[in-house]
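Below: the structure, in structure tokens.
In full-length UniProt numbering, the protein residues as written are 1 to 228.
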């Protein structure tokens, strides 16, 4: 499978240097198994850590968000509270009017098909997407990586992993301490209760709680909340 060089379609990604190669990044972005312990990926993660460290040291919110827009895909009126962690940054998309609480962790390893050029135009799927008007409470964990269950195949640092995108649609509220696992979509207008572990898709206008999270309430179009 021939995959394009991701840095050619995204100015936020620096090109490979020296003996670095874009193959593992391209596989990661395509959602294919890839070797995370790769020299080029190591540099991109280190770059992300340095950028985040610079951002969180800036007290002025306007200046901080200017730096954020240089780092990730950030819409208007986005507030990211210190401290925030992600691996790459260019795989996260805040669509706009978003609040991200303190100490959140987004493991953003793709797929990010916005970087895969087609004969027409690129799509806009990111590793982690936060929809319009959605809010994320403190200590929320969003995990896109997945690994083999077989210990022989997993094989520590020499094994491979892959990513499944997580989408939080518009007008959602992810309460503090929630964990969202690979491949999950949170439907529009839904709420995830504090401390919940979301292992599967959440229907629109639902309230889910627990581990694993289950639907306990529905939110009607008039705003009324009823038991599921």
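Glycine residues also receive a C-beta, built at the ideal position from the N, C-alpha and C atoms.
Nothing here was measured: the structure is a model prediction, and the numbers come from that model.
Rounded to whole angstroms, what's the CA-CA distance from residue 152 to residue 200? Just pull it up for me.
Their Cα atoms are separated by approximately 27 Å.
Using the C-alpha atoms, what's the distance from residue 51 back to residue 97?
Each residue's alpha carbon lies about 22 Å from the other.
Please tell me whether residue 95 and residue 19 are closer than 9 Å, where the distance is taken between their beta carbons.
Cβ distance not < 9 Å, so residue 95 and residue 19 don't count as in contact.
What does DSSP give as the partner residue(s) for residue 301 in the beta ladder?
The structure shown has nothing for residue 301, since the chain only spans 1 to 228.
What residue does the alpha helix (DSSP H) around residue 71 start on, and which one ends it?
That run of the alpha helix (DSSP H) goes 61-71.
Looking at residue 219 and residue 168, is the spacing between their C-beta atoms short of 9 Å?
No, the Cβ-Cβ distance between residue 168 and residue 219 is not below 9 Å.
Whose CA, out of 138, 225, 142, 202, lies closest to the CA of residue 87?
Nearest C-alpha to residue 87: 142.
Nearest CA to the CA of residue 157: which residue from 105, 38, 31?
Ranking 105, 38, 31 by Cα distance to residue 157 puts 38 first.
How many angstroms separate the CA atom of residue 24 from the CA atom of residue 36?
Each residue's Cα considered, the two are about 7 Å apart.
DSSP three-state label for residue 149, please.
DSSP places residue 149 in coil when its eight states are reduced to three.
Determine the closest residue to residue 216 out of 223, 222, 197, 193, with distance taken between C-alpha atoms.
Per the Cα distances, 193.
Closest by CA to residue 223, which one among 164, 205, 26?
When each option's Cα is compared against that of residue 223, the closest is 205.
What's the call for residue 26, buried or exposed, on a 16-neighbour Cβ count within 10 Å?
Flag for residue 26 reads buried.
Any heavy atom of the ligand MN inside 8 Å of the beta-carbon of residue 38?
The ligand MN is absent from the structure shown, which contains no ligands of any kind.
Roughly how many whole angstroms lie between the Cα atoms of residue 100 and residue 134?
Looking at the two C-alpha atoms, the distance is approximately 9 Å.
If I'm right that residue 197 touches residue 179 with Cβ under 8 Å, what's the distance once you round it to whole angstroms?
Rounded, the Cβ-Cβ distance is 5 Å, consistent with contact.
Would you identify the three-state DSSP class for residue 88, choosing helix, strand or coil?
Coil, per DSSP.
Just to confirm, is the Cβ distance from residue 175 to residue 188 under 9 Å?
Against a cut-off of 9 Å, the Cβ pair of residue 188 and residue 175 comes out as no contact.
Would residue 108 pass as a contact of residue 89 if the rule is Cβ separation under 9 Å?
Their beta carbons are under 9 Å apart, which means residue 108 touches residue 89 by this criterion.
In the DSSP assignment, find the beta strand (DSSP E) that holds residue 37 and state where it starts and stops.
Element bounds for residue 37: n/a, residue is neither H nor E.
Could you tell me which of 34, 47, 28, 32 sits nearest to residue 14, measuring between CA atoms?
Here the closest residue by C-alpha is 47.
Would residue 28 be called buried (16 or more neighbouring beta carbons within 10 Å of its own) or exposed?
Residue 28 comes out buried.
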